[in-house]
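Structure first, then comments.
Number of protein chains: 2
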Amino acid sequence: MAATGTVVALSGGIGGAKLALGLARRLAPGALAVVANVGDDFSHLGLHVSPDIDTLVYTLAGLADPQQGWGRAGETWSFMSALAELGGPSWFRLGDGDLAMHVMRTHRLAQGVPLSQVTAEVCASLRIATRILPVTDDPVRTRVRTDQGWLDFQDWFVGHRAALTVRELAFAGAAEATPLPAVLAALAAPDLRAVVICPSNPLISIEPILVVPGMRAALAACKAPVIAVSPLIGGRAVKGPTAAMLTDLGGAATAAAVAERYRDLLDGYVIDEADRAALDALHVPAIATRTLMITLADRERLAADVLAFADRLGASA
Amino acid sequence: MAATGTVVALSGGIGGAKLALGLARRLAPGALAVVANVGDDFSHLGLHVSPDIDTLVYTLAGLADPQQGWGRAGETWSFMSALAELGGPSWFRLGDGDLAMHVMRTHRLAQGVPLSQVTAEVCASLRIATRILPVTDDPVRTRVRTDQGWLDFQDWFVGHRAALTVRELAFAGAAEATPLPAVLAALAAPDLRAVVICPSNPLISIEPILVVPGMRAALAACKAPVIAVSPLIGGRAVKGPTAAMLTDLGGAATAAAVAERYRDLLDGYVIDEADRAALDALHVPAIATRTLMITLADRERLAADVLAFADRLGASA
Chain D
1 MAATGTVVAL SGGIGGAKLA LGLARRLAPG ALAVVANVGD DFSHLGLHVS PDIDTLVYTL
61 AGLADPQQGW GRAGETWSFM SALAELGGPS WFRLGDGDLA MHVMRTHRLA QGVPLSQVTA
121 EVCASLRIAT RILPVTDDPV RTRVRTDQGW LDFQDWFVGH RAALTVRELA FAGAAEATPL
181 PAVLAALAAP DLRAVVICPS NPLISIEPIL VVPGMRAALA ACKAPVIAVS PLIGGRAVKG
241 PTAAMLTDLG GAATAAAVAE RYRDLLDGYV IDEADRAALD ALHVPAIATR TLMITLADRE
301 RLAADVLAFA DRLGASA
Chain E
1001 MAATGTVVAL SGGIGGAKLA LGLARRLAPG ALAVVANVGD DFSHLGLHVS PDIDTLVYTL
1061 AGLADPQQGW GRAGETWSFM SALAELGGPS WFRLGDGDLA MHVMRTHRLA QGVPLSQVTA
1121 EVCASLRIAT RILPVTDDPV RTRVRTDQGW LDFQDWFVGH RAALTVRELA FAGAAEATPL
1181 PAVLAALAAP DLRAVVICPS NPLISIEPIL VVPGMRAALA ACKAPVIAVS PLIGGRAVKG
1241 PTAAMLTDLG GAATAAAVAE RYRDLLDGYV IDEADRAALD ALHVPAIATR TLMITLADRE
1301 RLAADVLAFA DRLGASA
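Quick mapping for you: the protein sequence lines, in order, are chains D and E.
In terms of my numbering, the first sequence opens at residue 1 and continues consecutively.
In terms of my numbering, the second sequence opens at residue 1001 and continues consecutively.
Below, the structure written as structure tokens:
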């Protein structure tokens, strides 16, 4: 008999969205809620851009560009060409179709509608059954200290191509932020089956979720097993600056070091089969499986492995 | 010997922009200033759209769609498709490349930059030598009273396809508006050769320019000849609702009736050769020529005719 119940996933952008899609396809419609990082959000040309929410939306709606993992498939770029003619900034590329999201969101936010409701409206329009929940409706903004000083996240990540060594991270606004009530409700749901920390960057995708006051406590109090999936395979990230950031900030770029960051929260940990040797050294129940998600089948299989592991942990609790 | 000096044109969108382009090509670079109507401006999805300024910009930059006369040639429409998926409004169509203009303008206005400066920046980026001057940096908004009540101009014009009978027009904000100093300076320039009222809709393109306090006086005080070009040919407008509006508001859809509206301002009037029979009935010096502008050569020839007529009037003054 298949287990029932709801699942909460914590996710950043591309890698997290892949597993979120796998989970959504393994669960009943509406059984999954994804808590999204908003630390990457920023204002560009007056438009409110929420990169991680957008990647989750496009991925779960089946609209994502399959090659790059972000943005829309079949995108056109007339806006950027015309913007260049007008002398506008070219460092952050906004696709023509993608602009509809930013313009609509910015317009709704300006009308006083909170980000969570705007996101719910978008999900309803695109018939996404999964709930995508920004961790908070308050502004939390990741800032990066480099040898050139403090930079806004997108300035560091896109503007400088993540090439400047990270000396320190900060999450502006986090201390004053309130978790979205729907997030706390999802974590306290009586039918909660598992919480999955997706294979996202622990420092800049998951941490800005966890630093919102009350989030760590809500996860610690959660009765369902909390499982993280390592974003590293053999010490390397599939995509993005995770490995370099971990070492730049004085840690190790290993699956074990990531588990250590989540230590007080975890009931289980999933690492890649390439890291199987690390299993014994972990201080938490763990399994090794293939975590690289290339195909849709990869995503569904990893989701199934994670859910089965969670169910085993839940049954033995 | 060709006459020198500067020329000021008053213009709405499509028809006016055609003659403005003809004038620009007949004059030395920078000798033309176009005073643009801002009564059609509106906010759509939080974006500030200035339809007449945009049509002038695209026309003078050689970017305009040659078929429809507004918007950009070779435009793509991914934004509108994605907007429809998101449940956004479809009644006003924004092209992907055109969006760069609206996003940049909205962003600059939000930074406190006046519309005239934003427009000057756009012209500089697109290497438009002609100065495009909004008649005022203050908001003036054309409103249309119909049997369904008062409507914003674009709601009437685009939303209702100009199909509702016009009972009354109003120009919200006009009484409190101040003419752009550069407009008054252009009209008072010692080397001013002519003022040309373009063949734009007298009621909704030229009137919202004239109602800005001080504009009629500046035109009346202007030493150079003021010439209007009739927007009607045989009682019909080339494009748009001019003829129907004139009769809806109790006037006649004739070249003579348009001249009557400008009576206190005009030193000369240019009508189409099809209306030659009306020449004798006009109370102002007038010529008849071909005013239909299909080709670029048509625009240049009409511009040349208008300038030659102005020079004759100026010499005899």
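Even glycine gets a Cβ: it sits at the ideal position worked out from N, Cα and C.
If you're wondering where the values come from, they're calculated on a predicted model, not measured in any experiment.
Under DSSP, I233 of chain D shares a beta bridge with D:R236.
Cβ-Cβ distances below 7 Å link L1063 of chain E to R1072, A1073 in the same chain, with the five nearest sequence neighbours on each side left out; the list follows chain order.
In the three-state scheme derived from DSSP, where H, G and I count as helix and E and B as strand, T130 of chain D is classed as coil. Judged by pairs of C-beta atoms under 8 Å, the region 1189 to 1209 of chain E touches the region 1005 to 1023 of chain E, as three or more such pairs exist. In this structure, the straight-line span from the alpha carbon of A9 of chain D to that of E75 of chain D is close to 28 Å. If the five residues before and after R1276 of chain E are omitted, its C-beta is found closer than 8 Å to the C-beta atoms of A1288, all from its own chain and listed in chain order.
Taking a Cβ-Cβ threshold of 8 Å, none of the residues of chain E is close to A64 of chain D; the smallest such distance is about 13 Å.
Taking C-alpha positions only, E121 of chain D is separated from V103 of chain D by approximately 14 Å. The DSSP-derived three-state label of H1160 of chain E is coil.
Per DSSP, the continuous beta strand (DSSP E) segment holding S43 of chain D begins and ends at 42 to 44.
Separation of the CB atoms of A1224 of chain E and V1270 of chain E is rounded to 15 Å, and the pair is thereby denied contact status at 8 Å. Boundaries of the beta strand (DSSP E) around D1272 of chain E: 1268 to 1272.
For D40 of chain D, the CB contacts under 6 Å within the same chain, skipping 5 residues up- and downstream, are P51, D52, F153 in chain order. Of the residues assessed, D1280 of chain E falls on the exposed side of the cut-off, its CB having fewer than 16 other CB atoms within 10 angstroms. Pairing A172 of chain D with V140 of chain D gives a Cβ-Cβ distance under 9 Å.
Distance between V38 of chain D and P181 of chain D, taken at the CA atoms: about 16 Å. Contact annotation: G268 of chain D and A304 of chain D have beta-carbon atoms that are not nearer than 9 Å.
Look at the region 41 to 72 of chain D and you find these whole runs of beta strand (DSSP E), each 3 residues long or longer: 42 to 44, 47 to 49.
Counting the other CB atoms within 10 Å of its CB gives R127 of chain D a total below 16, which places it among the exposed residues.
Taking a 10 Å sphere around the C-beta of S230 of chain D, we find 16 or more other C-beta atoms and assign the residue as buried.
Residue-level contact check: E300 of chain D does not touch chain E, since none of the beta carbons of chain E fall below 9 Å from its beta carbon.
In the three-state reduction of the DSSP assignment, R261 of chain D falls in the helix class, which pools H, G and I. Unbroken beta strand (DSSP E) stretches of 3 residues or longer found wholly inside the region 143 to 224 of chain D: 149 to 152, 168 to 172, 192 to 197, given in chain order. Remark: three or more beta-carbon pairs, one from each stretch, lie closer than 8 Å, so the region 16 to 29 of chain D and the region 291 to 303 of chain D are flagged as touching. Following the DSSP letters along the chain, one finds A1277 of chain E in no beta strand (DSSP E), marked with neither H nor E.
A Cβ-Cβ distance of about 14 Å is found for the pair R1167 of chain E and T1142 of chain E, leaving them out of contact under the 8 Å criterion. Interface flag for T1106 of chain E against chain D is set, since a Cβ pair is found closer than 9 Å.
Ranked by Cα distance from T1295 of chain E, the options E:S1043, E:V1035, E:G1069 are led by E:G1069. Taking C-alpha positions only, T254 of chain D is separated from T247 of chain D by approximately 9 Å. Its Cα nearest to that of A297 of chain D, the residue D:K18 stands out among D:K18, D:T4, D:T6. Close to L1056 of chain E, with beta-carbon spacing below 7 Å, lies no residue of chain D; the smallest spacing is near 15 Å. If the five residues before and after S1205 of chain E are omitted, its C-beta is found closer than 6 Å to the C-beta atoms of G1012, N1037, all from its own chain and listed in chain order.
Look at the region 1087 to 1117 of chain E: the residues with a C-beta under 8 Å from a C-beta of chain D are G1087, G1088, G1095, D1096, G1097, D1098, L1099, A1100, M1101, V1103, M1104, T1106, H1107, A1110. Membership of A281 of chain D in any alpha helix (DSSP H) is not indicated, and neither H nor E is assigned to it by DSSP. Residues of chain E whose Cβ lies closer than 8 Å to the Cβ of A82 of chain D are, in chain order, R1072, D1096, G1097, D1098, L1099, A1100, M1101. In its chain, beyond the 5 residues on either side, A1194, P1225, I1227 have a beta carbon closer than 6 Å to the beta carbon of A1310 of chain E.
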